[in-house]
Amino acid sequence: MSDTQDKNKLPVIRFPEKADLFCHDLPTKPRADIGRVLVTGATGYIGGRLVPELLERGYQVRVMLRGSTSEHAPPWPGMEIVAADALDLSSLKKVLTGIDTAYYLIHSLMRGPKEFESADLQAAINFRKAAEENEVKRIIYLGGLGEVKTLKSPHLQSRIQVAEELLRGKVPVTILRAAIIIGSGSASYEIIHNLVSKLPLLPLPRWARSRCQPIGIRDVIKYLVGVLEIPRTSGRNLDIGGKDILTYEMMLKVFAGIVHKRRIFLSFPISNIWLYAYFASLITPVPDPIILSLMKGVRDEVICRDDKIKDYLPFEPLTYQEAIVRALTREEQDKVYTRWSDAYPPAHELAIKLHELKEIPKYTTSYSLLSGKSASFLFNSICRIGGKAGWFNNNWLWRLRGAVDRILIGVGSSRGRRSYSSLKINDVIDFWRVEDIQQDKRLLLRAEMKLPGKAWLEFNINEEDGLRKLSVTPHYYTKGLLGKIYWYIFLPLHNFIFNDLIKQIERRC
Ligand SMILES: NC(=O)c1ccc[n+]([C@@H]2O[C@H](COP(=O)([O-])OP(=O)(O)OC[C@H]3O[C@@H](n4cnc5c(N)ncnc54)[C@H](OP(=O)(O)O)[C@@H]3O)[C@@H](O)[C@H]2O)c1
506 MSDTQDKNKL PVIRFPEKAD LFCHDLPTKP RADIGRVLVT GATGYIGGRL
556 VPELLERGYQ VRVMLRGSTS EHAPPWPGME IVAADALDLS SLKKVLTGID
606 TAYYLIHSLM RGPKEFESAD LQAAINFRKA AEENEVKRII YLGGLGEVKT
656 LKSPHLQSRI QVAEELLRGK VPVTILRAAI IIGSGSASYE IIHNLVSKLP
706 LLPLPRWARS RCQPIGIRDV IKYLVGVLEI PRTSGRNLDI GGKDILTYEM
756 MLKVFAGIVH KRRIFLSFPI SNIWLYAYFA SLITPVPDPI ILSLMKGVRD
806 EVICRDDKIK DYLPFEPLTY QEAIVRALTR EEQDKVYTRW SDAYPPAHEL
856 AIKLHELKEI PKYTTSYSLL SGKSASFLFN SICRIGGKAG WFNNNWLWRL
906 RGAVDRILIG VGSSRGRRSY SSLKINDVID FWRVEDIQQD KRLLLRAEMK
956 LPGKAWLEFN INEEDGLRKL SVTPHYYTKG LLGKIYWYIF LPLHNFIFND
1006 LIKQIERRC
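To convert, take the position in the sequence shown, counting from 1, and add 505; that gives this note's numbering.
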């Protein structure tokens, strides 16, 4: 559904408009001889942008998802969706049946520094075996730049280990290697954006002088699609980068120039990555475990070894500045289609859904009012909560809760939202995540902040005596004493906040 189709309806799911796709000026042509294409990591930042491009070029696409396929079906209209977990070999064998080419975009960074390396390696081992067994013709993998022997960052080392593992099999692999990706919704872009926008003084440790070759998301997608359409790239290991090689210091300075912010940049003698990562996690939307893994990579020089990719795809990639301007424009137009926060480890205990709990949560209260306004208007208003617009009233209380969470190394409320006008399942709204959306009826949010229990916030619209009953219901599940104390201490505050929230939702719709 597009905005223009019905202005009153909030587009719960948004697929990029044709004009927003990246590959229309690609020098290659779609190939009829390529059979079914599998996209793994389709719920992730890159995969989510790749799928619509492949569909637009007429390919038969199968997407592999870990989560339930029914909940993900609406955002992928007309597509084959198969559930599989790369850590489960048998499920992979099924998903790879009948596949010509598989994009390998699986990445477990969301699991945090302790777990992602082993998970990513095991996923690659399983994928290699399953691809071989199913006689897949080709794998295309997007990994990271750098040399495994000299790299200090476990994250970048792990990306190279995955490439090596895939290469051990009989299926030819095309490896594309990229440094940081700049685009609306990318973690690196949001970190730079927030640091420059929020800090008048930016401390620069020694490693801020490491060099990097950032690349625009547009060019990454073009290379991913381009190599598919050039069979000669099969089995090749190709570095991809943007037009500029810059230090991190230069990246911050260029960004400040683009957004017209006068900033003081100060060389700083302390280089401790943990300290900077924690500090950056308080300032930016990206939580500490992810920022730490990414920041460990800034000590490594990540630039392309050569430009062999130009022999195959001779288009000019964007400069850093152009990539930033495009990302800012997309944000301004509210056209951020995928975001770093989209991928989510379902195995994580935070991902337990309300209906999956063994017992119904005991701690619950409901706040409601009757309204003469249409369900569609009310639902639209509900779906605009959080992010930059805030929670309509008492924003300082929500922000305070977020700040406390950040200090406790939680996700905090600064993650905001991917889009202020659209929502899809798994989207983040501050410290919540969308668990269920039923147009004009229900929005269910799952709490991801630090809590001595599990919590959900449910909004409902029901018909009652010719009017609409709008209600908000917090559900809280806890077994511990601390959890119970937490519930009762905050109950008076919740009564105040939620009663006010539904009034505001109704008033502003
Ligand atoms: N983003 C960048 O700036 C950047 C830069 C350079 C290279 N790259 C490379 O690009 C690739 C994709 O990155 P991304 O940023 O799109 O990652 P991402 O947003 O973190 O997405 C990762 C994807 O992997 C899926 N996944 C994780 N574990 C899985 C498992 N066990 N089974 C099945 N699927 C699993 C996730 O699914 P769930 O939704 O189920 O969690 C998600 O769809 C990676 O190889 C990365 O190294 C990215």
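Note that the Cβ used here is the ideal one computed from N, Cα and C, for glycine as well.
Mark proline 1101 as exposed unless 16 or more other C-beta atoms lie within 10 angstroms of its C-beta, in which case mark it buried.
A query on residue 1101 cannot be resolved here, the shown segment of the chain reaching from 506 to 1014 and no further.
Note down the Cα distance separating leucine 823 from proline 719, rounded to an integer number of angstroms.
Each residue's Cα considered, the two are about 10 Å apart.
For the candidate residues Gly651, Asp593, Ala782, Tyr728, whose alpha-carbon lies nearest to that of isoleucine 912?
For isoleucine 912, the nearest C-alpha among the options comes from Ala782.
At a cut of 8 Å, does the segment 549-569 reach the segment 619-636 through at least three beta carbon pairs?
At 8 Å Cβ cutoff, the stretches do not touch.
DSSP three-state label for phenylalanine 964, please.
Strand at phenylalanine 964.
With a threshold of 7 Å, establish whether the CB of tryptophan 845 neighbours any heavy atom of ligand 1.
Because some heavy atom of ligand 1 lies under 7 Å away, the Cβ of tryptophan 845 counts as near it: yes.
Taking 7 Å as the cut-off, is the CB of histidine 612 close to at least one heavy atom of ligand 1?
Yes - ligand 1 has a heavy atom lying nearer than 7 Å to the Cβ of histidine 612.
Excluding the 5 residues preceding and the 5 following proline 677 in the sequence, name in chain order all residues of the same chain whose CB lies nearer than 8 Å to its CB.
Taken in chain order, the residues that qualify are Lys642, Arg643, Ile644, Ser739, Gly740.
When you compare only the Cα positions, how much space is there between leucine 797 and leucine 610?
Taking the straight line from one Cα to the other gives about 21 Å.
Taking glycine 971 as the reference, which of Arg947, Glu837, Lys878, Ile942 has the closest Cα?
Out of Arg947, Glu837, Lys878, Ile942, Lys878 has the C-alpha closest to the C-alpha of glycine 971.
I'd like the list of long-range same chain contacts for leucine 771, defined as Cβ closer than 8 Å, with 5 residues on each side in sequence excluded.
Same-chain partners within the cutoff: Leu706, Leu707, Pro708, Leu709.
Give me the Cβ distance between tyrosine 842 and proline 535, rounded to the nearest whole Å; I'm assuming they're in contact under 8 Å.
Not quite, the Cβ-Cβ distance comes to about 21 Å (not below 8 Å), so this is no contact.
If we call anything under 8 Å between Cβ atoms a contact, is glycine 802 one with leucine 661?
Result yes, Cβ atoms of glycine 802 and leucine 661 sit closer than 8 Å.
In the DSSP output, which residue or residues are listed as bridge partners for tyrosine 982?
According to DSSP, which records beta bridges pairwise, tyrosine 982 is partnered with Lys959.
Could you say if the segment 773-790 and the segment 904-919 meet the contact criterion of at least three C-beta pairs nearer than 8 Å?
Yes: the two stretches touch, three or more of their Cβ pairs being nearer than 8 Å.
Does DSSP put cysteine 717 in a helix, a strand or coil?
Residue state, collapsed to three classes: strand.
Taking the alpha-carbon of aspartate 530 as reference, which of Leu818, Lys858, Thr548, Arg554 has the nearest alpha-carbon?
The shortest Cα separation from aspartate 530 among Leu818, Lys858, Thr548, Arg554 belongs to Leu818.
Quick one: any contact between the segment 888-896 and the segment 977-990, if contact means 3 or more CB pairs under 8 Å?
The answer is no - the segment 977-990 does not touch the segment 888-896, with fewer than three Cβ pairs under 8 Å.
Does ligand 2 have a heavy atom nearer than 7 Å to the CB of phenylalanine 1001?
Among the ligands in the structure shown, ligand 2 does not appear; only ligand 1 can be found there.
Could you check whether the Cβ of alanine 448 sits closer than 7 Å to any heavy atom belonging to ligand 1?
In this structure the chain extends from 506 to 1014, so residue 448 is not present and cannot be described.
Give me, in chain order, the residues of the same chain whose beta-carbon lies closer than 7 Å to that of alanine 832; leave out the 5 immediate sequence neighbours on both sides.
Closer than 7 Å at the Cβ level, and outside the excluded window around alanine 832, lie Ile687, Gly688, Ser689, Tyr694.
Would you say glutamate 652 lies against chain D (beta-carbon separation less than 8 Å)?
Looking at the structure shown, chain D is missing, and only one protein chain is on hand.
Do arginine 453 and glutamate 670 have their C-beta atoms within less than 8 Å of each other?
Any property of residue 453 remains undetermined from this structure, which presents the chain solely from 506 to 1014.
Suppose only complete runs of 4+ residues qualify. What are the alpha helix (DSSP H) ranges in the segment 651-722, listed by chain order?
Within the segment 651-722, the complete alpha helix (DSSP H) runs of at least 4 residues are 659-672, 692-703.
State the start and end residues of the unbroken beta strand (DSSP E) segment that holds phenylalanine 770.
Looking at the DSSP string, the run of the beta strand (DSSP E) that includes phenylalanine 770 is 769-772.
Check whether the segment 862-872 and the segment 957-977 touch, using three or more Cβ-Cβ pairs below 8 Å as the test.
Segments in contact, yes.
Regarding isoleucine 930 and ligand 1, is the C-beta to nearest heavy atom distance less than 7 Å?
No, the Cβ of isoleucine 930 stays beyond 7 Å of every heavy atom of ligand 1.
Measure from the alpha carbon of isoleucine 890 to the alpha carbon of each residue in Pro532, Leu962, Leu700, then state which is nearest.
It is Leu962 whose Cα lies nearest to the Cα of isoleucine 890.
For arginine 904, which residues of its own chain have a beta-carbon under 7 Å away from its beta-carbon, when the five flanking residues on both sides are left out?
Correct list, in chain order: Ser918.
Measuring only the C-alpha atoms, how far is glycine 731 from leucine 681?
Their Cα atoms are separated by approximately 11 Å.
Given the structure, does methionine 584 come close to ligand 1, in the sense that its CB is under 7 Å from one of the ligand's heavy atoms?
Methionine 584: no, Cβ never under 7 Å from ligand 1.
Tell me which residues share the same chain as tryptophan 992 and place their Cβ nearer than 6 Å to its Cβ, disregarding the 5 neighbours each side in the sequence.
If we look at tryptophan 992 and ignore the five residues flanking it on each side, its Cβ neighbours are Tyr868, Tyr981.
Reducing DSSP to helix, strand and coil, say where glutamate 940 ends up.
DSSP places glutamate 940 in strand when its eight states are reduced to three.
With a Cβ-Cβ cutoff of 8 Å, do valine 612 and glycine 549 count as a contact?
Reading off the sequence shown, one finds histidine at residue 612, where the question assumed valine. In contact: histidine 612 and glycine 549 (Cβ atoms closer than 8 Å).
Taking 8 Å as the cut-off, decide whether the C-beta atoms of alanine 692 and threonine 752 are in contact.
Their beta carbons are not under 8 Å apart, which means alanine 692 does not touch threonine 752 by this criterion.
If you measure between the beta carbons of isoleucine 685 and cysteine 717, is that distance less than 8 Å?
Yes. Within cutoff.
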